[in-house]
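Residue numbers (my numbering), protein chains in the order written: chain A, 19 to 558; chain B, 2 to 164.
The beta-carbon is built from N, C-alpha and C at its ideal position, and this holds for glycine as well.
Data first, discussion second: the structure below is written as structure tokens.
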């Protein structure tokens, strides 16, 4: 491994490492636009110039590989002067429309101008005009005048999705990013080009003019859109509630994870958060079916539900958990199921259509925590019925009380009429979920769940990686995390274990379920941990 | 490329053999993109979007990358051009010696603006940068030959020869 010196500090990095990456490992950020660690090297923006050894002229750090004994200097007068000149060059035709640009506040032209530019503008000529506000596809909009032609978006479409929609057309100062005429930027990962665009050329149609980025709060999270468990950041707008129609979650952004999603997320996940601020949210507990439904407080509904669960024989009760629920929820539910001695327990409901899957990130299973439900053991116990069996038994009035978590059973792969008949045959249908659906309309009792961004917890992804998500916003109305609701009902039924936090739940889970042994929130940190399955096999 | 389907690109078996020969000359066949585009333009008169997409398939490239090349170079015509192409140099030497007058005369005689093609499809008029023939300034390129120094009289004589 070659040894080199960067700004007087020694470093040893693998053969083939670029100088820019070697510097980054020492915590030295060489300014750049076109370089992206997930893409090929373009050497296009010329901003990452550094001085190397006694070479008379600065060289680009991205496309120069380290060699033994190399001496790199990133802050010499010559480097600073070069950077300033390149900033001036990049900004020659820039429209300077920051006041109406969504990128303002997270724009690398702004950041680097303040850090490395600060020159007296000399541009007196008419700027070159190019297409503005051009929708490229369902999610991305282009302002070609703001573009600095770094080609990150072009390389993303060539190298990551392999779809090749974008190119740089014309030449000289008339060069512009664009689509082959007649094509659309509609690949399932198109939103990522907005993330990697260092300037305001590509912005997000969903986020367009919604809220200024400096009003956003950030919480680390996990995408609940499929079983991949992509690491994301939830950006919420709490300081300007009058903006964007009161939408609290403003956008989701990918968060780097070397083994799960690298820098990317799919569009389905990125824009799949709308249910959080949707009018379909369940905000308060209700009792009574259909038109007779009346809002009640938790103090009223918990004893009612406990009473219902006590009223029936264990064989007359079914519990349909959901792989949308966090490990904490599922664990506490299993505690309660064990406490009541219930056998008819399941979490598997086939979707109406098979999910799409690809070789990049998207998994066919659209649930974030099927693996967790399997490991925690929410399947039928001691000859109990599975989900379909429970619904058949409900039609035959052998199951009289069913507690459904989240599932929209009427929109599953099963015949709707048959399922509706089963649900209508129940004496007591409990629905617990964050958003209303067909089951909610038929339920005798409705319990409002907090959405995943309104609470903390963990999901176990398809490969058995347990990952934490953090709370970004407060629950709507009286909604509570699923585990809290289960805990309160459990308490009313004499269950002694009453956790105060998600972390307490997870501790008890780690102490009980072998796959999770030894884990804790602290242990999971930001990157999560792979768990062992029940059979004691290695990481799945 | 069938002339009948101007715009609908399809090379003849002989032309395709030439494409393969050109691609075989380089370690990366993409290097043959320029000569193949020239071949396509010669066959069809210009490079349509359909031709770009067709050529992209011959190279396993996305059409966007062929479009990059075609829009970069001014010698690719993206619309049908006239039977003859006149390119008048308007760079320094020619400019000082009367290129603007020559262009004005051509515009008046042909009845087109620079970049335009006469209605009868006879001539396309372009203005270009230096053609490396300052000794004959002001000058222009007519199809494959250089003409200059230009006067209204020499221009009229040259135009008469173009059918």
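Please state whether DSSP places residue 486 of chain A in a helix, a strand or coil. strand
By Cβ distance, which residues of its chain are closer than 6 angstroms to residue 454 of chain A, with the 5 residues on each side in sequence left out? 298, 300.
Is there at least one Cβ from chain A nearer than 8 angstroms to residue 12 of chain B's Cβ? no
Where does residue 238 of chain A fall in DSSP's three states? strand
Any chance you could list the alpha helix (DSSP H) runs of at least 4 consecutive residues sitting entirely within the stretch 110–162 of chain A, in chain order? List check, alpha helix (DSSP H) in window: 126–130.
Which runs of the beta strand (DSSP E) fall wholly inside the stretch 288–349 of chain A and span at least 3 residues, in chain order? Counting only runs of 3+ residues, the beta strand (DSSP E) found wholly inside the stretch 288–349 of chain A occupies 335–338, in chain order.
Where residue 50 of chain B meets chain A, residues with beta-carbon distance less than 8 angstroms: Near residue 50 of chain B (Cβ distances below 8 angstroms), the residues of chain A are 198, 199, 200.
When you compare only the Cα positions, how much space is there between residue 109 of chain A and residue 503 of chain A? 56 angstroms
By how many angstroms is the C-alpha of residue 66 of chain A removed from the C-alpha of residue 52 of chain A? Separation of residue 52 of chain A and residue 66 of chain A (C-alpha to C-alpha, rounded to the nearest whole angstrom) is 9 angstroms.
List the residues that DSSP assigns as beta-bridge partners of residue 421 of chain A. Listed as beta-bridge partners of residue 421 of chain A by DSSP are A:337, A:448.
Taking a contact to mean a Cβ-Cβ separation below 8 angstroms, would you say residue 194 of chain A touches residue 148 of chain A in this structure? Closer than 8 angstroms, so yes.
Comparing alpha-carbon positions, which option in A:33, A:43, A:19 lies nearest residue 27 of chain A? A:43
Between residue 553 of chain A and chain B, is there a C-beta pair that is closer than 8 angstroms? Below a pLDDT of 50, predicted positions are generally treated as unreliable, and residue 553 of chain A, at 48, falls in that range; no measurement from the model is reported.
At a CB-CB cut-off below 8 angstroms, which residues of chain A make contact with residue 69 of chain B? 185, 186, 187
Take residue 479 of chain A as the anchor and find which of A:322, A:248, A:509, A:508 has the nearest alpha-carbon. A:248
With 16 as the cutoff for other CB atoms within 10 Å, does residue 88 of chain B come out buried or exposed? Answer is buried; the Cβ neighbour count reaches 16.
Residue 88 of chain A, DSSP secondary structure in three states: strand
8 angstroms Cβ cutoff, residue 73 of chain B in contact with chain A: For residue 73 of chain B, the nearest beta carbon of chain A is closer than 8 angstroms to its own beta carbon.
Taking the alpha carbon of residue 111 of chain A as the reference point, which residue from A:283, A:93, A:140 has its own alpha carbon closest? Of the candidates A:283, A:93, A:140, A:140 places its Cα closest to the Cα of residue 111 of chain A.
Counting only C-beta atoms, is residue 71 of chain A closer than 8 angstroms to chain B at any point? no
Buried or exposed, going by whether 16 or more other CB atoms sit within 10 Å of the CB of residue 408 of chain A? By the C-beta density criterion, residue 408 of chain A is buried, having at least 16 other C-beta atoms within 10 angstroms.
For a cutoff of 8 angstroms on Cβ pairs, would you count residue 182 of chain A as touching chain B? Cβ-Cβ to chain B under 8 angstroms: yes for residue 182 of chain A.
For residue 80 of chain B, which option in B:94, B:117, B:56, B:60 has the closest C-alpha, if you only look at C-alpha atoms? B:117
Name the two residues that bound the continuous beta strand (DSSP E) containing residue 378 of chain A. Residue 378 of chain A -> no beta strand (DSSP E), and no H or E assigned at all.
Just verifying my parser: in three-state terms, what is the DSSP assignment at residue 24 of chain B? In the structure shown, residue 24 of chain B sits in a helix (DSSP, three-state: H, G or I).
Flag this pair as touching only if the stretch 362–376 of chain A and the stretch 226–238 of chain A have three or more C-beta atom pairs under 8 angstroms; answer yes or no. no
Where DSSP assigns a beta bridge to residue 51 of chain B, which residues make up the other side? Residue 51 of chain B pairs with nothing; no bridge assigned.
Less than 8 angstroms between CB atoms is the rule here; does residue 64 of chain B satisfy it with respect to chain A? yes
What's the call for residue 7 of chain A, buried or exposed, on a 16-neighbour Cβ count within 10 Å? Because chain A spans 19 through 558 in this model, residue 7 of chain A falls outside it and cannot be assessed.
I need the boundaries of the beta strand (DSSP E) containing residue 271 of chain A, first residue and last residue. 267–272
Would you tell me roughly how many angstroms separate the C-alpha atoms of residue 258 of chain A and residue 268 of chain A, rounded to the nearest one? 11 angstroms
Give me, in chain order, the residues of the same chain whose beta-carbon lies closer than 6 angstroms to that of residue 465 of chain A; leave out the 5 immediate sequence neighbours on both sides. Result list for residue 465 of chain A: 303, 450, 503, in chain order.
If you measure from the beta carbon of residue 22 of chain A to each beta carbon in chain B, is any gap under 8 angstroms? no
Under 8 angstroms, do residue 526 of chain A and residue 365 of chain A count as touching if we go by C-beta distance? no
Residue from A:24, A:25, A:40, A:23 with nearest C-alpha to residue 31 of chain A: A:40
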